[in-house]
Amino acid sequence: MKRIFITSLTSLIIVSLILTTGTISVQAAEKNENKINQNLSIKNGNADFISSVDIERLDNSKIAIKINTNSNYNGNSYNISVRGPGSINNISTNVPYHELDLTNYGTYNIYITVTDIYGISDSYFKNYHYSSPIQARFFETVDKATIGDEIKFNVISSGGNGSHKYKFYTKDGVIKEYSYNSSLVTKFNEYGEKELFCDIKDEDDTVKTISHKIKVIANEPAWKNENNKWYYVNDKGEFIKGWLNLNNVWYYLDGETGEMKTGLQDIGGYRYYFDESGYMKTGWINYNGEYRFFGSDGAMRTGWVNDGWTDYYLKSDGTIYKGWLDDGLNKYYMDENGQMRKGWINYNGEYYFFGPDGAMRTGWINDGWTDYYLKPDGTIFKGWLDDGLNKYYMDENGQMRKGWVKHNGEYYFFGPDGAMRTGWINDGYAYYFLNNNGTVKKGWFDENGIRYYLGSDGAMRTGWQVIGDNWYHFNNSGAMSRSTSIDGWKIDKEGIATPIKINSTVYVTPNGTSYHYSRDCTTLKRSHQILSMSLDEAKASGKNDPCNVCVK
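Right, dumping it as structure tokens:
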């Protein structure tokens, strides 16, 4: 091997040019010696530091460069220069291992220089061919064949370095050694699933392995008719028995004879239905004029079922139940089609209500609009209802009433909860007092020493009122005024009001705020000036308060 001492990268490039123009035969010779990696190695320098350089492909785009040095090397300076298709990489490192990404396929020139602590260098040059991965696949190859049939296997491949060779084999042994023929014609003498392998090798001895599975059968499985009965024969010529699935369709073949079953069949504790072609059916099936329901597993359903639209109850023979149904917990109504009803149902002139679960309701219910009370048999309660806590009134339609209700000429008031009210109430317009039986109290009414007056409509009166032949005054709370004077009226202890000389002469003092009907009123004895005027004039001048002595 020729040695050259290189002191700089410039010299390295010069050597590269010399090597490129003058050592082609050397490269070709070493390429033949190391055909696997297509490497060409030349040592340079005045020291034998580098023993070898290993280049390993890590994945589709990365290589690892490992520099192996001799025991006489004393240093840790490594310079790596990589020249390739469309890329240049210069790396300085203090470790003998480096990973590098390659961007394009082709041949790369790798220059390596190591320098010891005394400045003495040793150089190394190597070619590396970076090729695309081998891609390969079987094509136009069958997946199933009969014993003894000749089968052709074809492989198409690309990538790698140079031309490809192909080796075909099974796990039991090699069928054909490496050759440039990418096709194989062979046959199998045993039935079952077989797997054929093919190794594809390029000129770098890189190997790609692919495989293809094929099912080898004795005969083609098929339906067979004997004496107008259908059977299914497998690839060994045997009758299949029991369940059979073909193209996502289920069949049942008699467990002893293999005969295909049709109609209703009891299998393994369940009942199934197979049509005239032997297909296992699901969903609703009309059999002899009666509908039955078969689930997604094909088994006939009994009891409660939902077909995706509504609920049904199926009897033990699978037929649809219709009419009233009592399951021991609730009552249900299944209409003429067997559908479970919900909401209001008119049955024989009586209305019944069924909840979202279909169960007949009793007691209090709300149908989304109003409240009803349903008797134990489900019919609607009408009229007066006493639930032990409150009284309610359900009208002729059974609807719970609220607000004012007139019944037999008497008015009753029911709150927002429908309960009949007693005692004081306010309906939003006026106050009323309701007796213990809920009727409206009218006329005079005494409570806690206070007298009220409730009009003919029952409304509590306020302000001035004429009752009988007398005037009375009631404050804003409805309490009757007693023993006072209001607006020029004198009210006695019974509440009867009489006018006090309206617009007659009254007496006032210049600084006072009261008016007096008697000049001799004891409250005026100390007044130096007493003025007389009409009541209207006194009020106009601000004398609005009647004297508490002379007015009484």
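Numbering-wise, the sequence shown is residues -28 to -1, 1 to 524 according to mature numbering (1 follows the signal peptide of the UniProt record, and there is no 0). Note that CB positions come from ideal geometry on N, CA and C, so glycine has one too.
CB contact flag (residue i, residue j, <8 Å)
i, j, result
"lysine 116", "isoleucine 212", "no"
"glycine 310", "tyrosine 284", "yes"
"tyrosine 365", "valine 377", "yes"
"glycine 255", "phenylalanine 246", "no"
"cysteine 170", "lysine 139", "yes"
"methionine 332", "asparagine 302", "yes"
"asparagine 48", "asparagine 66", "yes"
"lysine 287", "methionine 306", "no"
"asparagine 40", "aspartate 26", "yes"
"isoleucine 52", "isoleucine 84", "yes"
"glycine 290", "arginine 243", "yes"
"lysine 201", "glutamate 231", "yes"
"glycine 375", "phenylalanine 385", "yes"
"aspartate 177", "proline 193", "no"
"glutamate 167", "lysine 185", "yes"
"tyrosine 403", "glycine 467", "no"
"isoleucine 22", "leucine 72", "no"
"threonine 485", "lysine 515", "yes"
"alanine 108", "valine 127", "yes"
"tyrosine 224", "isoleucine 239", "yes"
"residue 558", "tyrosine 50", "In the structure as shown, the chain starts at -28 and stops at 524, and residue 558 therefore has no counterpart that could be examined."
"lysine 414", "glycine 435", "no"
Between the CA atoms of residue j and residue i - distance to the nearest angstrom
i, j, result
"serine 506", "valine 478", "6 Å"
"glycine 460", "tyrosine 401", "30 Å"
"arginine 498", "glycine 440", "44 Å"
"residue 526", "lysine 462", "The question about residue 526 has no answer, for the chain in this structure spans -28 to 524."
"threonine 342", "valine 277", "32 Å"
"leucine 357", "asparagine 318", "23 Å"
"aspartate 308", "glycine 275", "The residue you asked about is not aspartate; residue 308 is glutamate in the sequence shown. If you take the alpha carbons of glutamate 308 and glycine 275, they lie about 17 Å apart."
"lysine 354", "valine 221", "59 Å"
"proline 518", "leucine 406", "39 Å"
"serine 135", "serine 154", "11 Å"
"aspartate 359", "tyrosine 383", "21 Å"
"tyrosine 304", "arginine 313", "8 Å"
"residue 556", "tryptophan 316", "Outside the modelled stretch of the chain, which goes from -28 to 524, sits residue 556, for which no answer is possible."
"isoleucine 89", "lysine 148", "57 Å"
"asparagine 133", "tyrosine 204", "53 Å"
"residue 525", "asparagine 398", "Outside the displayed span of the chain (-28 to 524) sits residue 525, for which this structure offers no information."
"glutamate 419", "glycine 381", "26 Å"
"aspartate 121", "phenylalanine 160", "7 Å"
"leucine 346", "tyrosine 324", "8 Å"
"arginine 273", "threonine 282", "15 Å"
"serine 455", "alanine 469", "9 Å"
"glutamate 112", "lysine 253", "38 Å"
"alanine 391", "tyrosine 444", "35 Å"
"glycine 131", "alanine 271", "56 Å"
"glycine 321", "aspartate 349", "14 Å"
"isoleucine 257", "aspartate 269", "14 Å"
"phenylalanine 110", "isoleucine 123", "13 Å"
From the options, residue whose alpha carbon lies closest to that of residue i
i, options, result
"leucine 426", "Asp441, Met452, Pro105", "Met452"
"aspartate 31", "Asn191, Tyr259, Pro105", "Pro105"
"aspartate 209", "Lys413, Asp144, Lys173, Tyr163", "According to the sequence as given, residue 209 is glycine; it is not aspartate. With distances taken between Cα atoms, glycine 209 lies closest to Tyr163."
"threonine 75", "Pro68, Pro57, Gly350, Ile92", "Pro57"
"glycine 335", "Asn320, Met372, Ile172", "Met372"
"tyrosine 259", "Gly450, Ile292, Ser457", "Ile292"
"threonine 481", "Glu466, Ser504, Lys196, Asp464", "Ser504"
"lysine 187", "Asp144, Glu175, Thr118", "Thr118"
"glutamate 165", "Val157, Lys143, Tyr152, Glu175", "Lys143"
"valine 54", "Met392, Asn81, Lys233", "Asn81"
"tyrosine 77", "Asn99, Tyr69, Ser103", "Ser103"
"lysine 511", "His488, Asp492, Arg264, Phe326", "His488"
Per DSSP, the bridge partner or partners of residue i
i, result
"serine 104", "Bridge partners of serine 104: none, in fact."
"histidine 70", "Ile37"
"aspartate 343", "Asn338"
"glutamate 198", "Lys201"
"threonine 118", "Ile189"
"isoleucine 472", "Per DSSP, none; premise fails for isoleucine 472."
"lysine 98", "Ile82"
"proline 518", "Tyr487"
"aspartate 26", "Lys38"
"histidine 136", "Note: histidine 136 sits in no beta bridge, so no partner."
"arginine 333", "Answer is none; arginine 333 lacks a bridge partner."
Test: residue i CB closer than 8 Å to a CB of chain D
i, result
"glutamate 248", "In summary, chain D is missing from the structure at hand, where a single protein chain is found."
Minimum length 3: unbroken beta strand (DSSP E) runs contained in the region 146 to 181: Qualifying beta strand (DSSP E) stretches, in chain order: 155 to 159, 164 to 173.
Can you check the region 359 to 425 for any beta strand (DSSP E) of at least 3 residues that lies completely inside it and give the ranges in chain order? You should have 363 to 366, 375 to 379, 382 to 386, 395 to 398, 403 to 406, 415 to 419.
3 or more residues per run - each beta strand (DSSP E) lying fully within the region 277 to 315: Secondary structure in the region 277 to 315: the beta strand (DSSP E) runs of 3 residues or longer, each lying completely within the stretch, are 283 to 286, 295 to 298, 303 to 306 in chain order.
Can you list, in chain order, the stretches of the beta strand (DSSP E) that have 3 or more residues and sit fully within the region 227 to 251? Fully enclosed beta strand (DSSP E) runs of 3 or longer: 235 to 239, 242 to 246.
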